[in-house]
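Asks: For the sequence shown, the numbering used here begins at 22 and goes up steadily by one. Here a beta-carbon is modelled for each residue, glycine too, at the ideal position from N, C-alpha and C.
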Amino acid sequence: MGVGISYISIIKQTISRLLESLPTDSEFEFPLTFSATDGLDGSGSHQVYNQIQESPDIGSKNFILFAFKPLAIHDSANKLIWENERPNPQFQIRPVTLLAAKENSENVRHLMDTYINPYVADMEENGILLSQGLVRIKLLRTMFDGKMAGILSGAGGAHCQLCTATFKQLHDVELIRDGFPINRSITSAKELFQSVNEVEFLSLSSNDRLGLTHQPISDIDIICSSPLHSYLCIFRWFMTLVYHLQSGARKWSPSSLGIKNSMKFVSGLLMEKTGMKIDQPSSDGGTTSTGNVARNCFLDKNQFLYWVCSLIPTEYHENIKVIHTNLSVCLRIYNSDREINTERLDNLCKDTYEYIVIRFPWANISPTLHKLLAHSSELIRTCNNSHGLKVFSEEAVEVSNKLVRRYREHLARKMSFSLNTRDIFIRLMCNSDPVLNMYRKFTKASKKTHSSEPPDQEILFSQLTC
Ligand SMILES: [Zn+2]
22 MGVGISYISI IKQTISRLLE SLPTDSEFEF PLTFSATDGL DGSGSHQVYN
72 QIQESPDIGS KNFILFAFKP LAIHDSANKL IWENERPNPQ FQIRPVTLLA
122 AKENSENVRH LMDTYINPYV ADMEENGILL SQGLVRIKLL RTMFDGKMAG
172 ILSGAGGAHC QLCTATFKQL HDVELIRDGF PINRSITSAK ELFQSVNEVE
222 FLSLSSNDRL GLTHQPISDI DIICSSPLHS YLCIFRWFMT LVYHLQSGAR
272 KWSPSSLGIK NSMKFVSGLL MEKTGMKIDQ PSSDGGTTST GNVARNCFLD
322 KNQFLYWVCS LIPTEYHENI KVIHTNLSVC LRIYNSDREI NTERLDNLCK
372 DTYEYIVIRF PWANISPTLH KLLAHSSELI RTCNNSHGLK VFSEEAVEVS
422 NKLVRRYREH LARKMSFSLN TRDIFIRLMC NSDPVLNMYR KFTKASKKTH
472 SSEPPDQEIL FSQLTC
């Protein structure tokens with residue numbers, strides 16, 4: 022069961038409302054160009070109420086939300102007439118479809134084929150005609166996490182969503198120096214499927230079919246950047262390295278008993294000394310290592326690095342300090358909106374990648390770590406005009422999942438599942454309406470001075486930004 026609005030209608034309505042929200046003395050010439058980024062995410066463990074169920078197979082515990090975030094409107098002379106500057110992502114997102122279903126390839130394919138794919142090519146080719154004139158549409162697909170990237174691209178079995186490198190190649194020092202060009206695309210994946218029949222395809226090894234597990238679902242290329250999740254995933258990798266060094270293990274085995282014991286010991290001591298809850302069980306069944314905890318640890322809050330070094334042999338102190346500083350700076354660059362010197366960033370990323378592989382040849386390079394160190398400079402240069410990828414962040418859809426949960430429980434009718442879902446969708450629509458948002462009081466996002474950041478990180482950061 023799903024509630025949605027035609028993709029073309031909601032984009033048309035959003036552009037009209039955005040133009041309505043402009044100052045009355047704004048001058049611009051048609052045709053306009055409207056750019057936006059879209060994406061989707063699933064969420065589970067929603068409250069179940071004793072409601073009238075229109076159909077017994079409704080998965081009321083799970084939702085998938087497809088939404089888009091308007092980025093900018095330019096006029097015919099390429100003059101910027103509107104830009105999304107909302108500091109709070111919950112007011113930026115425009116819902117397109119809310120499907121009551123679990124996040125898996127079957128349900129995502131149904132959502133995309135029914136509500137999205139048939140309209141995207143038409144909009145990009147013909148634009149949208151308003152009463153005032155034509156608006157060209159430029160859509161990017163960036164707002165999703167790693168799991169959804171695998172579902173959309175069909176490359177769920179790949180080690181990297183951006184290049185076709187094998188697991189062994191991710192650890193090859195020569196290849197790291199030469200660089201890993203981004204060579205995956207939806208078109209090339211579709212061509213591979215068309216060149217063989219299904220039986221032949223299934224008989225190929227995972228490497229031969231480039232990690233593809235099913236036909237790509239997205240019709241347009243996806244930009245797999247996931248800046249928000251990068252912090253968390255790379256922090257997890259960093260802490261796993263620390264646990265191995267502390268326990269003396271020299272074979273990568275994150276789920277072994279020795280590493281689990283080391284995790285308990287290290288997280289207990291870090292909790293006592295720094296007050297930060299790292300890798301401890303949380304009440305919702307996950308762990309206490311959230312994005313904010315990861316950010317604070319990479320900023321060396323409460324002498325995090327000093328206490329980490331006190332737990333590992335002295336010979337590794339310098340290695341851990343270099344890796345911590347470089348990863349922290351790369352992540353901040355990746356998540357920023359600053360103009361970046363991509364050549365210097367590329368060198369720093371390659372040096373760090375090589376440093377890790379040479380110093381710790383037994384450590385596995387995780388897909389997210391590889392993506393940051395092998396592809397961030399190319400992504401920043403080619404996809405966002407040499408600016409950090411903050412604008413591509415999946416944070417807005419993640420925040421919307423929290424809104425769905427809140428609206429469902431407190432601000433929607435509960436007597437029927439379809440009315441409940443409909444109310445949630447309408448609330449999401451109102452929440453991000455450009456004209457209604459004119460009446461909200463937004464506090465401008467403060468420009469951080471980075472005064473609390475470690476001096477060595479600050480120097481490196483300033484060398485990479487313009
Ligand atoms: Zn790659």
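Going by other Cβ atoms of all chains shown within 10 Å of its Cβ, with 16 needed for buried, is residue 436 buried or exposed?
Replies: Against the sequence shown, residue 436 aligns to sequence position 415. Residue 436 comes out exposed.
Asks: Is it the case that the region 399 to 415 contacts the region 340 to 359, given that we only count it when at least three CB pairs across the two stretches are under 8 angstroms?
Replies: Yes, they touch.
Asks: Within 7 angstroms: the Cβ of residue 201 and any heavy atom of ligand 1?
Replies: Along the sequence shown, read from residue 1 onward, the residue named residue 201 stands at position 180. Yes, the Cβ of residue 201 comes within 7 angstroms of a heavy atom of ligand 1.
Asks: Helix, strand or coil, according to DSSP, for residue 378 in the structure here?
Replies: The residue labelled residue 378 in the question sits at position 357 within the sequence shown. Residue 378: helix per DSSP, three-state reduction.
Asks: DSSP three-state label for residue 415, please.
Replies: Within the sequence shown, numbered from 1, the residue matching residue 415 stands at position 394. DSSP places residue 415 in coil when its eight states are reduced to three.
Asks: Say whether the region 413 to 428 touches the region 103 to 117, bearing in mind that this needs 3 or more beta-carbon pairs closer than 8 angstroms, one atom from each stretch.
Replies: Output reads yes: the region 103 to 117 touches the region 413 to 428.
Asks: Is the Cβ-Cβ distance between residue 118 and residue 23 less than 8 angstroms?
Replies: As a first step, residue 118 must be located in the sequence shown, where it is residue number 97. As a first step, residue 23 must be located in the sequence shown, where it is residue number 2. Yes; because the gap between Cβ atoms is below 8 angstroms, this pair is in contact.
Asks: Look at the Cβ atom of residue 300, then the Cβ atom of residue 309, and state whether they are nearer than 8 angstroms.
Replies: Residue 300 sits at position 279 when you count from the first residue of the sequence shown. Residue 309 sits at position 288 when you count from the first residue of the sequence shown. Yes. Within cutoff.
Asks: Compare the Cα-Cα distances from residue 361 to each of 273, 487, 153 and report the closest residue.
Replies: Here residue 361 refers to the residue found at position 340 of the sequence shown. The candidate whose alpha carbon is nearest that of residue 361 is 487.
Asks: On the DSSP letters alone, give me the boundaries of the beta strand (DSSP E) that residue 163 sits inside.
Replies: Position 142 of the sequence shown, counting from 1, holds the residue named residue 163. Residue 163 -> beta strand (DSSP E) spans 155 to 164.
Asks: Count the other CB atoms within 10 Å of the CB of residue 379; is the residue buried (16 or more) or exposed (fewer)?
Replies: Taking the sequence shown and counting its residues from 1, the one referred to as residue 379 is at position 358. By the 10 Å Cβ count, residue 379 comes out exposed.
Asks: May I ask you to report which of helix, strand or coil DSSP gives residue 365?
Replies: Position 344 of the sequence shown, counting from 1, holds the residue named residue 365. Looking at residue 365 - three-state DSSP - the assignment turns out to be helix.
Asks: For residue 399, count neighbouring C-beta atoms within 10 Å of its own C-beta (all shown protein chains included) and say buried if the count is 16 or more, exposed if not.
Replies: For the purposes of this step, residue 399 is identified with residue 378 of the sequence shown, where counting begins at 1. The residue is buried, with at least 16 neighbouring Cβ atoms inside 10 Å.
Asks: Within the region 92 to 136, note down every full alpha helix (DSSP H) run reaching 4 residues or more, in order along the chain.
Replies: The region 92 to 136 contains these whole alpha helix (DSSP H) runs: 126 to 132.
Asks: Quick check on residue 57: does DSSP put it in helix, strand or coil?
Replies: Within the sequence shown, residue 57 is the residue found at index 36, counting from 1. In this structure, residue 57 counts as strand in the three-state DSSP scheme.
Asks: Comparing the CB of residue 396 with every heavy atom of ligand 1, is any distance shorter than 7 angstroms?
Replies: Position 375 of the sequence shown holds residue 396. Yes, since a heavy atom of ligand 1 falls inside the 7 angstroms radius drawn around the Cβ of residue 396.
Asks: Taking 8 angstroms as the cut-off, decide whether the C-beta atoms of residue 289 and residue 323 are in contact.
Replies: One-based indexing of the sequence shown puts residue 289 at position 268. One-based indexing of the sequence shown puts residue 323 at position 302. No, they are not a contact pair.
Asks: Give a single yes or no on whether residue 5 has its beta carbon closer than 7 angstroms to a heavy atom of ligand 1.
Replies: The first residue shown for the chain is 22 and the last is 487, placing residue 5 beyond what the model contains.
Asks: Spell out the partners DSSP gives residue 408 in its beta bridges.
Replies: The residue you call residue 408 lines up with position 387 of the sequence shown. Note: residue 408 sits in a beta bridge opposite 360.
Asks: State the Cα-Cα distance for the pair residue 168 and residue 177, rounded to the nearest angstrom.
Replies: Stepping through the sequence shown from its first residue, residue 168 is reached at position 147. Stepping through the sequence shown from its first residue, residue 177 is reached at position 156. If I take the Cα positions, the gap works out to 8 angstroms.
Asks: So residue 172 and residue 126 are supposed to be a Cβ contact under 8 angstroms. How far apart are they, rounded?
Replies: Here the question's residue 172 lines up with position 151 in the sequence shown. Here the question's residue 126 lines up with position 105 in the sequence shown. So it is a contact: roughly 5 angstroms between Cβ atoms.
Asks: Indicate the three-state DSSP secondary structure (helix, strand or coil) for residue 477 in the structure shown.
Replies: Indexing the sequence shown from 1 puts residue 477 at position 456. In the structure shown, residue 477 sits in a helix (DSSP, three-state: H, G or I).
Asks: Check each candidate in 332, 170, 342 and name the one with the smallest Cα separation from residue 389.
Replies: Within the sequence shown, the letter at position 368 stands for residue 389. If we check each option's Cα against that of residue 389, 170 comes out closest.
Asks: Checking the sheet assignment: what are the DSSP bridge partners for residue 62?
Replies: Counted from its first residue, the sequence shown places residue 62 at position 41. Beta-bridge pairing links residue 62 to 86.
Asks: Considering only C-alpha positions, which residue in the set 382, 425, 450 is nearest to residue 190?
Replies: For the purposes of this step, residue 190 is taken as the residue at position 169 of the sequence shown. Comparing Cα positions, the closest option is 382.
Asks: If residue 161 sits next to residue 36, beta carbons under 8 angstroms apart, how far is it from one beta carbon to the other, in whole angstroms?
Replies: On the sequence shown, position 140 is the one that residue 161 refers to. On the sequence shown, position 15 is the one that residue 36 refers to. Their Cβ separation, rounded to whole angstroms, is 16 angstroms, which puts residue 161 and residue 36 out of contact at 8 angstroms.
Asks: So the alpha helix (DSSP H) residue 69 belongs to, where does it begin and stop?
Replies: Against the sequence shown, residue 69 aligns to sequence position 48. No alpha helix (DSSP H) contains residue 69, which DSSP labels as neither H nor E.
Asks: May I ask which residues mark the beginning and end of the alpha helix (DSSP H) holding residue 456?
Replies: Locating residue 456 in the sequence shown gives position 435, where the first residue counts as 1. It spans 455 to 458 - the alpha helix (DSSP H) in which residue 456 sits, taken as one unbroken run.
Asks: Is residue 189 near ligand 1, with its Cβ less than 7 angstroms from a heavy atom?
Replies: Numbered from its first residue, the sequence shown carries residue 189 at position 168. Checking every heavy atom of ligand 1 against the Cβ of residue 189, none is found closer than 7 angstroms.
Asks: Which of the three DSSP states is assigned to residue 488 in this structure?
Replies: There is no way to answer for residue 488, as the model of the chain reaches only from 22 to 487.
Asks: By Cβ distance below 8 angstroms, which residues in the same chain neighbour residue 471 in space, the five residues on each side in sequence not counted?
Replies: Position 450 of the sequence shown holds residue 471. A caution first: residue 471 carries a pLDDT of 48, below 50, which makes its placement in the model too unreliable to give a value.
Asks: From residue 106 to residue 91, what does the alpha carbon distance come to, in whole angstroms?
Replies: Translated into positions along the sequence shown, residue 106 becomes position 85. Translated into positions along the sequence shown, residue 91 becomes position 70. Going by the C-alpha atoms only, they are around 10 angstroms apart.
Asks: Identify every residue that forms a DSSP beta bridge with residue 23.
Replies: The residue you call residue 23 lines up with position 2 of the sequence shown. DSSP output for residue 23 lists 120 as bridge partner(s).
Asks: Since residue 34 is in the alpha helix (DSSP H), which residue starts that stretch and which ends it?
Replies: By 1-based counting over the sequence shown, the position of residue 34 is 13. Note, residue 34: alpha helix (DSSP H), 28 to 41.
Asks: Cβ of residue 266 within 8 angstroms of Cβ of residue 175?
Replies: As a working mapping, residue 266 is identified with position 245 in the sequence shown. As a working mapping, residue 175 is identified with position 154 in the sequence shown. Result no, Cβ atoms of residue 266 and residue 175 do not sit closer than 8 angstroms.
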